[in-house]
Each structure stands twice: as C-alpha cells, then as structure tokens.
Amino acid sequence: MFRLLGNVRCLALNLAGSDHTPLLPTVRLRGDINQSKRMLESIQDAMVKMKKQGAADTPEYHEIFAAYAHLSHSVTEAARALKSHEEKQFGQMQTAQLLPAHDLSGIEPIKGTLGPRTQPGAVSHGAPVANLQKFLAAVGFHVPQSGEFDHYTQQALEQFQKQYGLKVNGVTGAETRKRINEMLSHQ
C-alpha cells in the first residue's frame with residue numbers, strides 16, 4: 111500500500127509541475143488512482159468490520175484510519191492534478207488541430223474587451239471589432255465583417271466560447287481573449 115501511495119503522490123507532484131508530461135505517466139497515474147480507490151474501499155470495509163467488533167479504539171484501528179486518510183488525500187490530489195493536466199493537454203490539442211485547417215494570417219491579437227453597446231467598457235465598433243469578426247469567420251463562424259458588434263457577431267462569439275469550453279457571455283473578456291490570442295500565436 112505504501113509503495114502505491116508513494117507512486118500516486120510522486121506522479122501527482124510531477125504532473126502538477128509540468129505542462130508537457132508525457133502520456134505514459136498520466137496513464138500510469140490513472141491506473142494507480144483506480145487501484146488506490148479499490149484499496150480505499152477495502153480499507154473502509156476493514157474499518158467497518160473493526161468497528162462492529164468493538165476495535166475502533168485500538169492503536170491498529172487508528173493506524174489504519176490514518177493510512178486511509180493519507181491515501182484518500184493523496185488520491186484526491188492526484189486526481190485533481192490529472193484532471194488539470196488533461197484539460198491543459200486537451201486545450202493544446204484543440205488549438206493544434208484548429209491551426210492547419212484555418213488561415214489566421216493578417217489577424218491581429220485581440221486587445222481589450224469587445225462586446226455589444228450594452229456592455230459597460232466594451233468596444234462595440236471599429237477596427238478591433240472588424241478584426242474579431244475576421245477571426246471568427248476564419249475559424250468557421252458565419253459573421254458579416256461590418257466592424258459593428260451586432261447580434262450576428264455576438265452569436266458567433268457565443269458559439270466560439272461554447273465550442274472551446276469558455277464562459278458563454280458574448281463578450282471578449284480575459285478568458286476568451288486569451289484563448290483567441292493563443293490560437294493566433296500558434297500560426
């Protein structure tokens with residue numbers, strides 16, 4: 111159990127500290143997490159039996175409980191690190207898959223918040239909006255390139271946000287701007 115616990119903790123720490131962890135450790139970590147979850151179920155069953163036998167106040171029970179708590183915490187942290195890593199890798203894969211299919215040349219990085227006139231502080235017309243419309247059209251969304259942040263632009267932006275797992279609000283806030291600019295930087 112302690113070897114497995116050590117593997118889970120070590121891999122989780124390595125995974126949390128790297129954006130480019132190879133596939134093998136993530137596969138191994140997923141296997142160790144699943145094995146650890148099965149082990150947690152067995153430990154929990156043993157603890158229930160010990161309680162039923164009146165052994166809940168014994169040093170052995172407390173030792174098992176401490177090991178259970180430690181393993182449970184490590185598994186939770188490892189699962190969280192794995193999920194975060196996979197989300198980063200998935201985002202990088204989406205960007206990489208998009209680039210060969212679309213010509214993003216001539217599109218400038220998005221600066222500032224772009225949105226409808228009703229959005230306080232947002233730019234709603236002019237060259238920045240035309241640049242956003244050019245980007246949206248290049249990545250496959252139907253939007254007239256008028257330079258006005260109209261209903262069509264907002265709909266296209268919302269579809270883009272939904273497709274890339276961003277907050278869907280029809281405004282180029284920090285998160286959306288970051289995703290667009292990442293895509294543009296990979297061209």
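In this note's numbering, the protein residues as written are 111 to 297. Yeah, the Cβ is synthetic: ideal placement off N, Cα and C, and Gly gets one too.
#1: Taking a contact to mean a Cβ-Cβ separation below 8 Å, would you say G280 touches G225 in this structure?
#2: Among Y262, R289, V239 and Y171, which one has its Cα closest to the Cα of G275?
#3: Under 8 Å by Cβ, that's how I've got E268 and V239 pegged, so tell me the actual separation to the nearest angstrom.
#4: Between V171 and A165, which are expected to be in contact by the criterion C-beta below 8 Å, what is the C-beta distance as a whole number of angstroms?
#5: Specify, as a first and last residue, the run of the alpha helix (DSSP H) that Q271 falls within.
#6: Can you list, in chain order, the residues of its chain whose CB lies under 8 Å from that of V185, leaving out five sequence neighbours each side?
#7: Leaving aside the five residues before and after Q264 along the sequence, list all residues of the same chain whose C-beta is less than 7 Å from its C-beta, in chain order.
#8: Here's a check: name, in chain order, each residue in its chain whose Cβ is nearer than 7 Å to the Cβ of S182, leaving out the five neighbours to either side.
#9: If you scan the stretch 139-175 from start to end, which runs of the alpha helix (DSSP H) of 4 or more residues do you find wholly inside it?
According to the structure shown:
#1: In the sequence shown, the residue the question calls residue 280 occupies position 170. In the sequence shown, the residue the question calls residue 225 occupies position 115. Yes, they are a contact pair.
#2: Here residue 275 is taken as the residue at index 165 of the sequence shown, counted from 1. In terms of Cα proximity to G275, the closest of Y262, R289, V239 and Y171 is R289.
#3: Here residue 268 is taken as the residue at index 158 of the sequence shown, counted from 1. Here residue 239 is taken as the residue at index 129 of the sequence shown, counted from 1. At roughly 15 Å, the Cβ-Cβ gap does not stay under 8 Å, so E268 and V239 are not in contact.
#4: Taking the sequence shown and counting its residues from 1, the one referred to as residue 171 is at position 61. Taking the sequence shown and counting its residues from 1, the one referred to as residue 165 is at position 55. In the sequence as displayed, the identity of residue 171 is Tyr instead of Val. About 5 Å; that satisfies the 8 Å criterion.
#5: Residue 271 sits at position 161 when you count from the first residue of the sequence shown. Q271: member of the alpha helix (DSSP H) spanning H261 to Q273, first to last residue.
#6: Translated into the one-based positions of the sequence shown, residue 185 becomes position 75. If you ignore the 5 residues before and after V185, its C-beta comes within less than 8 Å of the C-beta of V118, I143, S146, K147 and L150, all in its own chain and listed in chain order.
#7: Residue mapping note: residue 264 aligns to position 154 of the sequence shown, counting from 1. The residues are P226 and G280.
#8: Locating residue 182 in the sequence shown gives position 72, where the first residue counts as 1. Same-chain partners within the cutoff: L150.
#9: The stretch 139-175 contains no whole alpha helix (DSSP H) run of 4 or more residues.
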